[in-house]
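Working notes, structure below.
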Ligand SMILES: *Cc1c(COP(=O)(O)O)cnc(C)c1O
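Residue numbers (the working numbering): 3 to 389.
Here's what the structure looks like:
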């Protein structure tokens, strides 16, 4: 995974820092183009997974569209060079000022999550003398079989419009003169490793597509969201998710009408495996029943383990010759008991100064960092700069 040249350069750097393997990232984007875009699918990259300008530049070069969930992300996408006509704006709580950013830039569409939001967008568009293009985010009530904090498509989630509200919406639409309904949108959750939930989503989407068609709406966009998972336990052997199987699931089970485009919004699967958090062992200590390794990265740099009980592989990347394995709780320096990366984790014996890579951190890693405990800002390195 890491070249000797990279490992050498890591020794002189202040840790912790994020490292991105742009070669792997480009290969991942190639696979998305080969198996998805080549079929005519529109793939939006979900900026919230990682909005670093260097990452966005690669996404733009690969020709993907953008999926934003805040006004700030819409601005970042445009600054970095995405055409506004390729930007979808989702999110359950868009402020008026954020909606205005979308309107001013004439973005592709707003993915609308409530009846009230439709009315607000209509009103703001009317003030600007504009027609806002919208897709309705409908809650398909499909269980993504993933962690409860990252499942989003069940009836009781805060996201999306429930099917029971559709009759009201159909009644309301004729009065919304500044709204053009161009599509329907779904997003059932994240880190979905099985294809079955996506198949179920397709079947629900087909039914809902008919409901709109029968009401006389001509939808051009069917947006099935993102959520495809990555293999956190084998970052080396599964560096690129199986996009062929993923896109084939939709090709097989989703019925599009001749005037319809299929849109996706992928975040984690695009960038997740391309990032690592590089950290040093500060101290080791032997407890009563456990060995602890205290590292210089904490939940402030990578919150996923504390927030979602996520397990990332941790590898020693400095010299480790002749060491036998030992079990550790690998913990960060933050004053919170949840600041734990792994418990009872088997790894060659650790020593102060060892350099470790916490793998599969490209998505929802750096973007979620905080300055809690007044932690110092950390650095970012890209494989292009250091060989
Ligand atoms: C987060 C999110 C995505 C991306 O999800 P991944 O699991 O990273 O692919 C796509 N669409 C919406 C609406 C989202 O909120």
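Positions of the beta carbon are idealized from the N, C-alpha and C atoms, including for glycine.
List the residues that DSSP assigns as beta-bridge partners of residue i.
i	result
residue 384	22
residue 182	135
residue 331	294
residue 287	294
residue 266	45
residue 277	22
residue 187	139, 225
residue 90	69, 111
residue 350	327
residue 282	357
residue 123	Partner(s): none; residue 123 has no beta bridge.
residue 194	230
Is residue i near ligand 1, in the sense that its beta carbon is under 7 Å from a heavy atom of that ligand?
i	result
residue 145	no
State the DSSP-derived secondary structure class of residue i, mapped to helix, strand or coil.
i	result
residue 272	helix
residue 230	strand
residue 111	strand
residue 257	coil
residue 374	helix
residue 167	helix
residue 379	coil
residue 361	coil
residue 345	strand
residue 299	coil
residue 417	Summary: the structure shown does not reach residue 417, with the chain confined to residues 3 through 389, and so no result is reported for it.
residue 101	helix
residue 336	coil
residue 322	coil
residue 317	strand
residue 116	coil
residue 236	coil
residue 160	coil
residue 312	coil
residue 146	coil
residue 4	coil
residue 216	helix
residue 96	coil
residue 199	helix
Check whether chain C comes within 8 Å of residue i, counting only Cβ atoms and requiring the distance to be less than that.
i	result
residue 309	Annotation note: the requested chain C is absent from the structure, which comprises a single protein chain.
Query raised in the report: Considering only residues of the segment 7 to 86, which uninterrupted beta strand (DSSP E) runs meet the minimum length of 3 residues and lie entirely inside it, listed in chain order?
Result: 19 to 22, 44 to 48, 67 to 70
* Asked: Hey, which residues come within less than 5 Å of ligand 1, measuring from Cβ to any heavy atom, in chain order?
  -> 48, 51, 92, 189, 192, 227, 228, 229, 267, 268, 269, 270
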